[in-house]
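*Asks:* Can you keep this structure in mind? I'll have questions shortly.
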Amino acid sequence: MKILVTGAAGFIGFHTAGALLDRGDEVIGFDNLSPYYDVNLKKARLAQLESRDGFTFVKGDLADQTAVDSLFAKHEPKRVIHLAAQAGVRHSLTHPHDYIQSNLAGFLSILEACRHNDVAHLVFASSSSVYGANTRMPFSVHDNVDHPVSLYAASKKANELMAHTYAHLFGLPTTGLRFFTVYGPWGRPDMALFSFTRKMLAGEPIDVFNNGNNSRDFTFIDDVVEGVLRVVDRIPEPNPNWSGDAPDPGSSAAPYRIYNMGNHSPVPLMDFIACIEKAIGCEAEKVFLPAQPGDVPATYADITELHKDFNFSPATPIEEGVAKFVSWYRDYYRV
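Residue numbers (my numbering): -19 to 315.
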C-alpha cells in the first residue's frame, strides 16, 4: 500500500521507510531536514532511500498546513506513520518554541490532513518521557501520565491527547507508540551511544550524568521497526469495555490505542558504558556529573499489551545492539 512516513530522513523514520520498501510498500517520505543535528547524516540516510524503487521524497515543514495538505492531495497515502518531531529533553530547556512549532502545530497539520483524506490508520511517535515523575516500575500504558518533567515530554503527552480527540470526534483510527531509548546504526548524534562512541574513539572523556546512577530501557532499532510495521497493519477498534467511571489511559471507547515500545530490560548506565568499552576495545575516561534538569533516573517498559495484541516483544541484547552500532560508526566515519 502507499504509506506516508514523516521524518523519513530521521533515525527511526529512515529504518522504518526502508523496511516498508523491503516488503513492497510504496513510501512517501516527508522531512524538513532540520539542522538540530548534522544534516549531512540525514542526507546520507535519505540518499539510501532515494536509490530504491517505490520511494518518493518531499521536503517540507509539518507546521505548514498548506504544504501538508498539498502532500496528501497529490500522493493520497492510505496510512500514515508520523515520526517527525523536535526531539531531545535538554534542547527543550533552551529552545522551547521549537517544540510548540514542530510537535504541536506540526502534529495538528497531520491530524487535519488525515481527517480530511480518509486515512485508514495514523500511527504516531510518543515517548517514554511522558511517564515523567512516575516511579512505579515498570511503566504501564494503564498508568496516569500527568506529571511530565520536560517540555519535550509535555509535547508528547499533548500529542496523545490530540490524537485521542480526533479518534473520538472524527473516528480517525490512531495508535501511539511510546518509544524507549531507541539506538542502533544510523542513530542520532545527540544520543548517549553516539556521543560516547565518538568521544571514546577520539580519546576524549565522556560525561556521565547522575554520577552513573541512571538506567534506561534501551531498545534496538530493528526491534522498534518490526513493532511499528506490525502496529500499522492493524487498525485499532474501540474498546467496548472502556468505562468513563474508571477511565483506562491505555485504551478508549474511540478507535485509539497506546503501546510501550521498549525492551522490557532496563540497563544501568555503567553497564551500558561497559558494553561500549568492550565493543571499541578501550576504557573510557569518565567525568561524573550531577543529574540534568528534565532527566529521569530510570525507564522500564511494561510491554504486556504489545505482546498480547501483536505477539511481539523486542528482544535484542544490549551487547549485540551496541556492537552493531560501533561497527556501523567505524565504517561510516572511517575510524
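In this text, a Cβ means the ideal position worked out from N, Cα and C, and glycines have one as well.
#1: Out of curiosity, what's the CA-to-CA distance linking histidine 96 and methionine 171?
#2: Short check: CB of alanine 105 to CB of leucine 21, under 8 Å?
#3: With 16 as the cutoff for other CB atoms within 10 Å, does arginine 314 come out buried or exposed?
#4: What first and last residue would you give for the alpha helix (DSSP H) that runs through methionine 142?
#5: Between which two residues does the beta strand (DSSP E) harbouring histidine 62 extend?
#6: Hey, is the region 217 to 224 in contact with the region 11 to 29, meaning 3+ C-beta pairs nearer than 8 Å?
#7: Along the beta strand (DSSP E) that carries aspartate 187, what are the first and last residues, could you check?
#8: Indicate the three-state DSSP secondary structure (helix, strand or coil) for valine 302 in the structure shown.
#9: Mind listing, in chain order, the continuous beta strand (DSSP E) runs of no fewer than 3 residues lying wholly within the region 87 to 113?
#10: Return the chain-ordered list of same chain residues with a C-beta closer than 6 Å to the C-beta of glutamine 45, the five sequence neighbours on each side being excluded.
#11: Rounding to the nearest angstrom, what Cα-Cα distance links aspartate 213 and glutamate 263 in this structure?
#12: CB isoleucine 256 to CB phenylalanine 176, shorter than 8 Å?
#13: So, are the CB atoms of threonine -4 and valine 208 less than 8 Å apart?
#14: Among the residues of its own chain, which have a CB less than 8 Å from the CB of alanine 295, if the five just before and after it don't count?
#15: Can you pull the DSSP bridge partners for leucine 157?
#16: What's the gap between the Cα of glycine 164 and the Cα of phenylalanine 305?
#17: Can you tell which of Ala254, Ala(-11), His62 and Lys266 has its C-alpha closest to the C-alpha of leucine 26?
#18: Compare the Cα-Cα distances from valine 103 to each of Ala85, Pro57, Ala43 and Asp187 and report the closest residue.
#19: Quick check: the Cα distance between lysine 39 and glycine -13, rounded to an integer number of angstroms?
#20: Name the one or two DSSP bridge partners that glycine 40 has.
#21: Would you mind reading off the limits of the beta strand (DSSP E) that contains glutamate 6?
#22: Would aspartate 275 pass as a contact of valine 69 if the rule is Cβ separation under 8 Å?
#23: Starting from leucine 51, trace the alpha helix (DSSP H) in both directions and tell me its first and last residue.
#24: Pull up the DSSP beta-bridge partners for phenylalanine 268, would you.
*Replies:* The relevant details are as follows:
#1: 36 Å
#2: no
#3: So arginine 314 counts as exposed.
#4: 131 to 150
#5: 59 to 62
#6: no
#7: Where aspartate 187 is concerned, the enclosing beta strand (DSSP E) stretches over 186 to 188.
#8: For valine 302, the three-state secondary structure derived from DSSP is helix.
#9: 101 to 107
#10: Ser89
#11: One alpha carbon belongs to aspartate 213, the other to glutamate 263, and they sit about 44 Å apart.
#12: yes
#13: yes
#14: Asp203 and Asn243
#15: Leucine 157 is bridged to Ala105 and Tyr239.
#16: 5 Å
#17: Ala(-11)
#18: Pro57
#19: 10 Å
#20: Residue pairing by DSSP places glycine 40 in no beta bridge whatsoever.
#21: 6 to 11
#22: In this structure, aspartate 275 sits near valine 69, with a CB-CB distance shorter than 8 Å.
#23: 45 to 55
#24: Looking at the DSSP output, phenylalanine 268 sits in a beta bridge with Val188.
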